[in-house]
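I have placed the structure first, in the form of structure tokens, so that the comments after it can refer back to it.
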Amino acid sequence: MVDMGMGGSVVSVSAVHQEVGVENALLEVRDLRKEYVTGRGRLRLFDGLSFNVAKGELLAIVGASGAGKSTLLHILGALDAPTSGALYFASIHLNKLSSRQAADFRNREVGYVWQFHYLLPEFTAAENVALPLLARGESRKQAESKALAWLDEVGLADRAEHQAGELSGGEQQRVSLARALVTEPRMLLADEPTGDLDAETADRVFSLIQRVHASHGLTSILVTHNQELAGRCDRVMRLEAGRMEEDLAKTGKPYLDDASGLSKTKTAGNGGC
Ligand SMILES: Nc1ncnc2c1ncn2[C@@H]1O[C@H](COP(=O)(O)OP(=O)(O)O)[C@@H](O)[C@H]1O
Ligand SMILES: [Mg+2]
């Protein structure tokens, strides 16, 4: 049990444990610590994070630049290892996986969307989406057919044969969402997926993420700087000074955005997701 801080504005993580019981959790994080040893000494990023993410939950993680959000997402997706602590995905103890098992886990269970799409610009949208399936040995025909179905799902059936480099920023992010989900993972991790888009396009891409999250029964964790989009998720957690603050929606307390300085009060159970 980790006390998340002092004073009335911060809620103990024990509240999360009660709310997202272990039996409902897809992801369990226990006493997670991460340190980097740099030329200028030790950088301690997390100081004993413990939280659960429920099956089917859409969780937003917010926090100032440099707070460790990307590092946390990498660890949750088995792309990076914590310094200590335990991480369970369903019954899989992620820290115990060999690098080969971790690669297999990532391919099967996790879809990633990044701020920058990392599509191969010379390849078509369909080829980009098919790549994770080809990487795990599926036939070209099957991979193509699944890629086309996913491009249709993200509203880009008519762009399937376009080179990725020719698509707009919003279209590229929709292709990268299709690529993330074509393997039918149980968990979607998105690191500022709308950070590089204008407000209207960001809204459309976020709405698409919400839609596929719900229709495919995903468990999704979204890092965002966008206050409004975070507020549309089931729960918001803030990473700050190595600790995780719980969803302020549940307390009704104002939620201050570092970037804009705007504050907003969420009401519990807004059903935004
Ligand atoms: N491999 C690394 N070695 C040393 N420091 C790192 C490494 N990766 C990230 N950091 C540092 O950790 C901190 C958190 O980085 P990051 O997770 O990218 O934060 P955020 O995504 O919240 O902006 C930053 O200060 C960053 O410079
Ligand atoms: Mg980051």
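All the letters of the sequence shown, read from the start, carry residue numbers 570 to 842 under our numbering. Note that the Cβ used here is the ideal one computed from N, Cα and C, for glycine as well. None of the values given here were measured: they were computed from a predicted structure.
Buried or exposed by the 16-neighbour rule on C-beta atoms within 10 Å, applied to residue i
i	result
L618	buried
H782	buried
N621	buried
I630	buried
G786	exposed
I778	buried
S745	buried
D721	exposed
S789	buried
D803	buried
L689	exposed
G739	buried
Limits of the unbroken beta strand (DSSP E) element including residue i
i	result
A856	As shown, the chain starts at 570 and ends at 842. That puts residue 856 outside it, with no answer to give.
R812	R812 to E814
A712	Taken as a continuous stretch (DSSP letters only), A712 belongs to no beta strand (DSSP E), being part of the alpha helix (DSSP H) at R709 to E722.
L601	A594 to T607
K676	According to the sequence as given, residue 676 is Asn; it is not Lys. No beta strand (DSSP E) contains N676, which is instead part of the alpha helix (DSSP H) from S668 to E678.
E809	R804 to E809
N621	G610 to A623
Where the alpha helix (DSSP H) through residue i begins and ends
i	result
S745	G738 to L750
R763	With the sequence shown as reference, residue 763 is identified as Thr, and Arg is not the correct amino acid for it. First-last for T763: undefined, no H or E at that position.
A636	From DSSP, A636 is part of no alpha helix (DSSP H); its letter is neither H nor E.
Close beta carbons around residue i, own chain, < 7 Å, minus the five adjacent residues each side
i	result
R602	F615, D616, G617, P651, T652, S653 and G654
T640	K603, L614 and D649
Own chain residues within Cβ distance below 6 Å of residue i, not counting five before or after
i	result
R807	V631, G632 and E814
E597	N621 and Y657
Same chain, Cβ closer than 8 Å to residue i, five either side skipped, listed in chain order
i	result
V774	G739, Q742, R743, L746, P762, T763 and L766
(message) With three or more beta-carbon pairs closer than 8 Å as the criterion, would you say the segment 688-702 touches the segment 712-721?
(response) Taking 8 Å as the limit for Cβ pairs, the verdict is that the segment 712-721 does touch the segment 688-702.
(message) Whether or not the segment 646-656 and the segment 719-733 are in contact is what I'm after, with contact meaning three or more pairs of Cβ atoms, one per stretch, closer than 8 Å; do they touch?
(response) Too few Cβ pairs lie closer than 8 Å, so no.
(message) Would the segment 604-614 count as touching the segment 663-674 if we require 3 or more Cβ pairs under 8 Å?
(response) Contact fails: fewer than three Cβ-Cβ distances are below 8 Å.
(message) So, does the segment 620-628 touch the segment 684-691, judging by three or more C-beta pairs under 8 Å?
(response) Taking 8 Å as the limit for Cβ pairs, the verdict is that the segment 684-691 does not touch the segment 620-628.
(request) Just jot down, in chain order, the residues whose CB lies closer than 6 Å to any heavy atom of ligand 1. (result) Checking every Cβ against the heavy atoms of ligand 1 under 6 Å gives Y605, T607, L612, L614, G632, S634, G635, A636, G637, K638, S639 and T640.
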